[in-house]
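In the UniProt record's numbering, the protein residues as written are 1 to 445.
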């Protein structure tokens, strides 16, 4: 065996360095173009669920109250289905023109006005999502830590705890370029949600009065605003391309199965949580259902801790698209250097942390982001993008494109393309309707 430091050791070190360089290059390629995905359907589905079932789930009991139980459940099914359709249609439109960035796709199909509208809306959505995560983090972790570690007075400060968690736990997750690197962390985050639901199911009966009756309602006091909250809870187009590019099977069937799996898991998790919270607290349910429970409830505090951990692992799902939007405003989105990537990541993290510390009204965040951003990003823009790929005659050989990659041999035929065209019109009409209704009623909420 050659002594340490010999030629063989040097060759080994060079090989290790080369392998690391290849890994970094692959990470960059995966974040920008198809054909380099490494994640299976389940991993990518969990990533999508993690981006979907985040802060929005906590407001769903509140949304069911405002919508009414029957109307809320029916609306949630429709919103989930049409959101899944939007994800599929968005990627299909991107593949037709061989563009795999949301903003670039909209600029190509809808021009500069469409680009700036999309980028502004996407930025609003991403910031709103991240703010809601920080609000929930501030509602959970400080109360738990201060209760069980009273000797550390600084743990009572919501702002201090959020800052410490953000710097030492969240920020390292914000550094990778590709969101695919977070797939396994996403699984941990999503697995926290069943624990939260079980905790609520176990403890909820103790908070039910003897004369309590189940609030079986058909409609609620503010159905329009509730639609905005539900839209917020099921919208995740801001990570659609990132997750598609990280998928190993980038065929039409592969992406369709991934989105169906993700949407199904998201709906089941969300509605179990929503109905449970509404049944227990009825008309007194708060925008953060954990605020309805006692602060010294040990079992509930386990759920609060699980929610806090889930939010820590989910905040990067809002940070990644926020960073990309900021880079696009300055024209720096095309393969930024490592130094620039770090600088922008630091600045974006500080900005989001500031908003997360200073803004505390969770209900208003849900309603505003759902009404203005989620409707545009999840429904209106994907529908417009798909229709423009049919209308724009300068797009070269759409049908040839459909024989490759995403829409390959198992892709849509002429009849299904017509169905998708009609569905695109439905997406646009539904999105505009919900936006108008939510904005008109947001003051009531």
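Note that the Cβ used here is the ideal one computed from N, Cα and C, for glycine as well.
Cβ neighbour criterion (16 or more within 10 Å) applied to residue i
i: residue 345; result: buried
i: residue 373; result: buried
i: residue 426; result: exposed
i: residue 250; result: buried
i: residue 255; result: buried
i: residue 415; result: Note that residue 415 has pLDDT 47, beneath the 50 cutoff, so the model's placement of it is unreliable and the number below is only indicative. When all chains shown are included, residue 415 counts as exposed.
i: residue 100; result: buried
i: residue 154; result: exposed
i: residue 295; result: exposed
i: residue 320; result: buried
i: residue 379; result: buried
i: residue 43; result: buried
i: residue 386; result: buried
i: residue 328; result: buried
i: residue 233; result: buried
i: residue 330; result: exposed
i: residue 440; result: exposed
i: residue 281; result: buried
i: residue 21; result: In this prediction, residue 21 has a pLDDT of 47, which is less than 50 and means its spatial position is unreliable; nothing more can be read from the coordinates.
i: residue 381; result: buried
i: residue 142; result: buried
i: residue 34; result: buried
i: residue 401; result: Bear in mind that the predicted position of residue 401 carries a pLDDT of just 45, short of 50, making it unreliable; the figure below should be weighed with that in mind. Buried, by the Cβ-count rule.
i: residue 268; result: exposed
i: residue 436; result: exposed
i: residue 290; result: buried
Spatial distance of residue i from residue j (CA atoms)
i: residue 38; j: residue 212; result: 51 Å
i: residue 322; j: residue 210; result: 48 Å
i: residue 147; j: residue 199; result: 18 Å
i: residue 206; j: residue 62; result: 20 Å
i: residue 429; j: residue 51; result: 25 Å
i: residue 217; j: residue 337; result: 55 Å
i: residue 236; j: residue 298; result: 33 Å
i: residue 176; j: residue 351; result: 18 Å
i: residue 461; j: residue 186; result: No answer is possible for residue 461: it lies beyond the span of the chain, which begins at 1 and ends at 445.
i: residue 169; j: residue 312; result: 7 Å
i: residue 123; j: residue 104; result: 15 Å
i: residue 88; j: residue 260; result: 9 Å
i: residue 79; j: residue 149; result: 43 Å
i: residue 3; j: residue 355; result: Because residue 3 carries a pLDDT of 46, less than 50, the predicted location of this residue cannot be relied on, and the following value inherits that uncertainty. Computed Cα separation, rounded: 56 Å.
i: residue 394; j: residue 107; result: A caution first: residue 394 carries a pLDDT of 48, below 50, which makes its placement in the model unreliable, though a value can still be read off. So the alpha carbons of these two residues sit roughly 15 Å apart.
i: residue 223; j: residue 431; result: 15 Å
i: residue 244; j: residue 334; result: 19 Å
i: residue 229; j: residue 77; result: 14 Å
i: residue 73; j: residue 65; result: 11 Å
i: residue 434; j: residue 238; result: 19 Å
i: residue 75; j: residue 184; result: 31 Å
i: residue 388; j: residue 442; result: 32 Å
i: residue 420; j: residue 92; result: 10 Å
i: residue 347; j: residue 49; result: 27 Å
i: residue 317; j: residue 130; result: 8 Å
i: residue 362; j: residue 56; result: 10 Å
i: residue 253; j: residue 247; result: 12 Å
i: residue 188; j: residue 305; result: 13 Å
Residue i and residue j closer than 8 Å at C-beta
i: residue 273; j: residue 60; result: yes
i: residue 140; j: residue 308; result: yes
i: residue 126; j: residue 325; result: yes
i: residue 110; j: residue 240; result: no
i: residue 144; j: residue 292; result: no
i: residue 365; j: residue 128; result: yes
i: residue 242; j: residue 315; result: no
i: residue 219; j: residue 68; result: yes
i: residue 114; j: residue 195; result: no
i: residue 258; j: residue 41; result: yes
i: residue 158; j: residue 138; result: yes
i: residue 438; j: residue 310; result: no
i: residue 360; j: residue 162; result: no
According to DSSP, residues forming a beta bridge with residue i
i: residue 39; result: 247
First and last residue of the uninterrupted alpha helix (DSSP H) at residue i
i: residue 66; result: 60-67
i: residue 280; result: 252-281
i: residue 158; result: 158-165
i: residue 333; result: Here residue 333 belongs to no alpha helix (DSSP H), and DSSP marks it neither H nor E.
i: residue 391; result: 381-391
i: residue 104; result: 102-148
i: residue 192; result: 183-203
i: residue 225; result: 223-234
i: residue 308; result: 298-329
i: residue 366; result: 362-369
i: residue 171; result: 171-174
Contact test: residue i Cβ vs the ligand FMN heavy atom, cutoff 7 Å
i: residue 287; result: With respect to the ligand FMN, the structure offers nothing, as it holds no ligand at all.
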